[in-house]
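These protein sequence lines are chains P and A, in that order. Just so we're aligned, residue 3 is where the first sequence starts under this note's numbering, counting upward by one. Just so we're aligned, residue 22 is where the second sequence starts under this note's numbering, counting upward by one. A virtual CB, placed ideally from N, CA and C, is assigned to each residue, including glycine. Shown next, in structure tokens, is the structure this report addresses.
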Amino acid sequence: MTTTVLEVKNLLTQYHTGDGVISAVNEVSFSIPKGQTVCLVGESGCGKSAVAMSIMGLIDPGAGAVKNGEIFFNRVDLLNIKKHELRQLRGNDISMIFQEPMTSLNPVLTVGSQIMEPIMEHEIISKKEAKRRALELIKLVGIGRSEEIFDSFPHQLSGGMLQRIMIAIALSCSPELLIADEPTTALDVTIQAQILDLLRSLKEQREMSMLLITHDLGVVAEVADYVIVMYAGKVIEEGPVVELFENPKHPYTQGLLKAKPVIGQRQEELYTIPGQVPNLATLKPSCFFSERCEHCMSICKEETPSIQTFDNEQQVACWLYKEVSIV
Amino acid sequence: MENSAIIIKKIKKPTKTSLWGQVIRRLLKMKMPLLGLAFLLFIFMFSFIGPFFSPYINLGVNPTNINQPPSLEHWLGTDKLGRDVLTRLMLAGRISLLVGLGAMIMSVTIGGLLGIISGFYRGIVDQIFMRIADVLMTLPGLPLLFIMAAILSEWKVPTEYRIYIVMLMLSIVGWPGLARLVRSQILSLSERQFMQATEALGLRDVRKLFKHLLPNIIPLLIVSGTLSVGGAILSESTLSFFGLGVVPPDASWGNMITSANSLIDFQKRPWLWIPPGLAIFFTVISINLLGDGLRDAIDPNMKRR
Numbered sequence: 003m004t005t006t007v008l009e010v011k012n013l014l015t016q017y018h019t020g021d022g023v024i025s026a027v028n029e030v031s032f033s034i035p036k037g038q039t040v041c042l043v044g045e046s047g048c049g050k051s052a053v054a055m056s057i058m059g060l061i062d063p064g065a066g067a068v069k070n071g072e073i074f075f076n077r078v079d080l081l082n083i084k085k086h087e088l089r090q091l092r093g094n095d096i097s098m099i100f101q102e103p104m105t106s107l108n109p110v111l112t113v114g115s116q117i118m119e120p121i122m123e124h125e126i127i128s129k130k131e132a133k134r135r136a137l138e139l140i141k142l143v144g145i146g147r148s149e150e151i152f153d154s155f156p157h158q159l160s161g162g163m164l165q166r167i168m169i170a171i172a173l174s175c176s177p178e179l180l181i182a183d184e185p186t187t188a189l190d191v192t193i194q195a196q197i198l199d200l201l202r203s204l205k206e207q208r209e210m211s212m213l214l215i216t217h218d219l220g221v222v223a224e225v226a227d228y229v230i231v232m233y234a235g236k237v238i239e240e241g242p243v244v245e246l247f248e249n250p251k252h253p254y255t256q257g258l259l260k261a262k263p264v265i266g267q268r269q270e271e272l273y274t275i276p277g278q279v280p281n282l283a284t285l286k287p288s289c290f291f292s293e294r295c296e297h298c299m300s301i302c303k304e305e306t307p308s309i310q311t312f313d314n315e316q317q318v319a320c321w322l323y324k325e326v327s328i329v
Numbered sequence: 022m023e024n025s026a027i028i029i030k031k032i033k034k035p036t037k038t039s040l041w042g043q044v045i046r047r048l049l050k051m052k053m054p055l056l057g058l059a060f061l062l063f064i065f066m067f068s069f070i071g072p073f074f075s076p077y078i079n080l081g082v083n084p085t086n087i088n089q090p091p092s093l094e095h096w097l098g099t100d101k102l103g104r105d106v107l108t109r110l111m112l113a114g115r116i117s118l119l120v121g122l123g124a125m126i127m128s129v130t131i132g133g134l135l136g137i138i139s140g141f142y143r144g145i146v147d148q149i150f151m152r153i154a155d156v157l158m159t160l161p162g163l164p165l166l167f168i169m170a171a172i173l174s175e176w177k178v179p180t181e182y183r184i185y186i187v188m189l190m191l192s193i194v195g196w197p198g199l200a201r202l203v204r205s206q207i208l209s210l211s212e213r214q215f216m217q218a219t220e221a222l223g224l225r226d227v228r229k230l231f232k233h234l235l236p237n238i239i240p241l242l243i244v245s246g247t248l249s250v251g252g253a254i255l256s257e258s259t260l261s262f263f264g265l266g267v268v269p270p271d272a273s274w275g276n277m278i279t280s281a282n283s284l285i286d287f288q289k290r291p292w293l294w295i296p297p298g299l300a301i302f303f304t305v306i307s308i309n310l311l312g313d314g315l316r317d318a319i320d321p322n323m324k325r326r
């Protein structure tokens with residue numbers, strides 16, 4: 003049995019908006035074993051990033067809060083931890099790569115000094131040694147001319163380079179868990195592939211666990227061990243990557259997989275899931291996908307389906323399968 | 022053909038484009054700010070080095086030679102105590118410039134620090150500092166300075182400490198505006214993603230404040246600091262004109278103009294009050310030109326230059 007690095011139980015994160023309180027993350031539970039990559043998939047606004055922010059404790063207290071649930075990192079309760087202990091964990095044991103490399107680096111500091119910062123913050127180390135480590139990290143993420151890059155400012159580098167720098171910063175203290183929030187969204191396809199390869203090989207070298215947040219199923223197929231599909235703040239299906247791709251059970255997952263363009267085949271029109279993501283503020287107990295579901299039944303409009311496990315470790319929250327199992 | 026190839030190569034040569042390199046290059050292209058800078062350099066040399074070339078620096082009053090019009094020995098004439106006006110103008114420049122710079126440094130330090138702390142921590146700290154600033158800003162500046170100066174005169178503060186106290190007074194009046202400006206900048210910077218990233222990296226507050234936020238507002242501090250030197254020199258002159266700032270025997274441009282108070286001096290002896298007046302006028306104008314130029318050069322939104 004492999005050890006669990008991160009365990010999230012019944013997480014409920016709510017934001018206050020003009021329309022009322024919305025549950026961006028609604029009773030989400032999952033765990034990440036050591037050395038594994040878990041992917042969180044879903045449309046924009048389904049609460050993927052809110053999960054990451056909740057784990058990091060970065061939810062702006064003025065906008066929302068984690069209302070319920072538990073988050074354990076190596077058996078440490080992240081929600082009831084002292085502030086300075088959390089600060090020591092962040093960047094050191096858990097680190098995060100942000101979505102927008104262009105805006106996530108301080109524009110007036112050199113790239114090098116920004117890589118050195120977490121090292122100097124979390125380890126007792128001389129400036130010279132930190133610089134040596136920073137140069138090594140720049141090389142590690144596949145950028146040549148490390149000395150030159152070290153002294154350059156963020157605006158002088160391209161998006162792909164900056165994302166590599168972000169990865170270097172995230173890796174600087176050899177974290178156990180890396181949370182990557184759409185690390186490749188802002189990049190073009192060739193760079194995407196390089197970044198993913200890099201993340202995968204680094205993960206293997208360092209036995210790091212990874213929580214990868216993305217809406218790109220190609221990325222999921224590439225790197226994930228385990229996939230969690232979210233819709234409107236809820237987990238609707240999860241399972242090992244191969245099972246889930248071969249045999250998607252939830253109509254939403256099926257739709258997502260159908261909506262993906264296949265290279266080499268030109269279709270008249272790409273498949274789209276009809277309808278829109280529902281307004282989270284006005285949800286009643288129901289299957290949140292029912293409005294858009296082609297298999298919608300009367301019970302779907304009345305009760306929220308609970309999650310149910312299949313033999314092949316796949317889990318689905320859908321009334322379709324409930325009925326089957328009852329019958 | 023070959024020539025043009027060489028020229029192209031020269032142009033394409035990668036230049037070190039650090040932030041400050043760019044600022045200096047942009048500044049060097051502007052005429053008026055450079056003119057201002059040149060005049061400021063001149064007035065600094067005039068005030069700080071000039072007196073050493075004056076034969077009258079160690080001579081005090083000379084009752085046999087009072088109120089002389091400009092002549093070859095005394096280029097700007099002498100005052101009612103027989104002192105050389107040109108030498109006094111230089112010595113007064115020292116004090117006026119020092120007071121301006123000192124008040125600027127103090128108000129930038131106080132305003133910057135309180136502004137950063139208010140903007141970063143928000144909440145109760147912010148409330149306290151900003152309410153103090155509000156109170157100071159609702160009181161009219163000049164009467165406030167007069168009252169403070171009058172109290173000081175009452176306490177009989179030794180003259181040699183007066184200029185430091187004048188600096189302090191000016192910075193007390195000057196910091197609230199800057200603190201507000203800095204605070205608003207910090208508030209908007211805090212919402213930027215790189216500040217969230219520093220949080221995710223587990224950096225200490227001190228590091229966030231002074232390594233990440235401070236460098237971002239340094240341009241703002243430089244520009245408003247530069248502009249505030251002019252204001253401080255003016256306020257000091259006003260105070261000294263009313264005999265409440267730097268008091269004789271120490272000279273400042275402001276208390277030299279005091280001679281314009283008497284009708285005879287005003288009508289018959291313009292060499293007593295025109296030179297210090299012009300010195301104030303040109304110094305403040307140069308500072309403002311330089312400040313405006315710096316603002317344009319630093320502003321990243323003005324990339325088309």
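Quick one: what's residue i bridged to in DSSP?
| i | result |
| --- | --- |
| residue 204 (chain A) | Residue 204 (chain A) is not bridged to any residue. |
| residue 41 (chain P) | P:214 and P:229 |
| residue 72 (chain P) | P:11 |
| residue 255 (chain P) | DSSP output for residue 255 (chain P) lists no bridge partner at all. |
| residue 17 (chain P) | P:24 and P:66 |
| residue 247 (chain A) | According to DSSP, which records beta bridges pairwise, residue 247 (chain A) is partnered with nothing at all. |
| residue 78 (chain P) | P:75 |
| residue 6 (chain P) | P:35 |
| residue 310 (chain P) | P:318 |
Would you tell me roughly how many angstroms separate the C-alpha atoms of residue i and residue j, rounded to the nearest one?
| i | j | result |
| --- | --- | --- |
| residue 13 (chain A) | residue 123 (chain A) | Only positions 22 to 326 of chain A appear in the structure, and residue 13 (chain A) is not among them; the question remains open. |
| residue 321 (chain P) | residue 102 (chain P) | 38 Å |
| residue 284 (chain A) | residue 291 (chain A) | 11 Å |
| residue 177 (chain P) | residue 153 (chain A) | 45 Å |
| residue 62 (chain A) | residue 179 (chain P) | 57 Å |
| residue 51 (chain A) | residue 128 (chain A) | 28 Å |
| residue 78 (chain P) | residue 41 (chain A) | 46 Å |
| residue 262 (chain P) | residue 219 (chain P) | 7 Å |
| residue 308 (chain A) | residue 48 (chain A) | 14 Å |
| residue 187 (chain P) | residue 217 (chain P) | 9 Å |
| residue 259 (chain P) | residue 324 (chain P) | 22 Å |
| residue 302 (chain P) | residue 223 (chain A) | 44 Å |
| residue 213 (chain P) | residue 128 (chain P) | 32 Å |
Quick one: does residue i have its CB under 8 Å from some CB of chain P?
| i | result |
| --- | --- |
| residue 224 (chain A) | yes |
| residue 197 (chain A) | no |
| residue 33 (chain A) | Reliability fails at residue 33 (chain A), whose pLDDT of 43 lies under 50, so the model's placement of it is uncertain and the value that follows must be treated cautiously. Judged by the 8 Å Cβ criterion, residue 33 (chain A) is not in contact with chain P. |
| residue 220 (chain A) | yes |
| residue 141 (chain A) | no |
| residue 228 (chain A) | yes |
| residue 316 (chain A) | no |
Mind checking which residues open and close the beta strand (DSSP E) that includes residue i?
| i | result |
| --- | --- |
| residue 98 (chain P) | 96-99 |
| residue 29 (chain P) | 22-35 |
| residue 239 (chain P) | 236-242 |
Hey, could you find the ends of the alpha helix (DSSP H) residue i is sitting in?
| i | result |
| --- | --- |
| residue 171 (chain A) | 162-176 |
| residue 183 (chain P) | No alpha helix (DSSP H) holds residue 183 (chain P); the beta strand (DSSP E) holding it covers 179-183. |
| residue 289 (chain A) | 284-289 |
| residue 152 (chain A) | 144-159 |
| residue 309 (chain A) | 295-319 |
| residue 102 (chain A) | No alpha helix (DSSP H) contains residue 102 (chain A), which DSSP labels as neither H nor E. |
| residue 229 (chain A) | No alpha helix (DSSP H) contains residue 229 (chain A), which DSSP labels as neither H nor E. |
Using a beta-carbon distance below 8 Å, is residue i in contact with chain A?
| i | result |
| --- | --- |
| residue 91 (chain P) | yes |
| residue 105 (chain P) | yes |
| residue 18 (chain P) | no |
| residue 94 (chain P) | yes |
Which residues in the same chain have their Cβ closer than 6 Å to the Cβ of residue i, if we skip the five residues on either side of it in sequence?
| i | result |
| --- | --- |
| residue 75 (chain A) | 108 |
| residue 317 (chain P) | 240, 309 and 311 |
| residue 319 (chain P) | 238, 307 and 309 |
| residue 257 (chain P) | 275 |
| residue 135 (chain A) | 150 and 200 |
| residue 283 (chain P) | 21, 22 and 24 |
| residue 71 (chain P) | 11, 12, 13 and 14 |
| residue 74 (chain P) | 9 |
Go through its chain and collect everything with a Cβ distance to residue i's Cβ below 7 Å, but skip five positions before and after it.
| i | result |
| --- | --- |
| residue 296 (chain A) | 97, 106 and 110 |
| residue 161 (chain P) | 103, 104, 188 and 189 |
Keeping to the same chain, check which residues put their C-beta closer than 8 Å to that of residue i; ignore five residues upstream and five downstream.
| i | result |
| --- | --- |
| residue 209 (chain P) | 36 and 37 |
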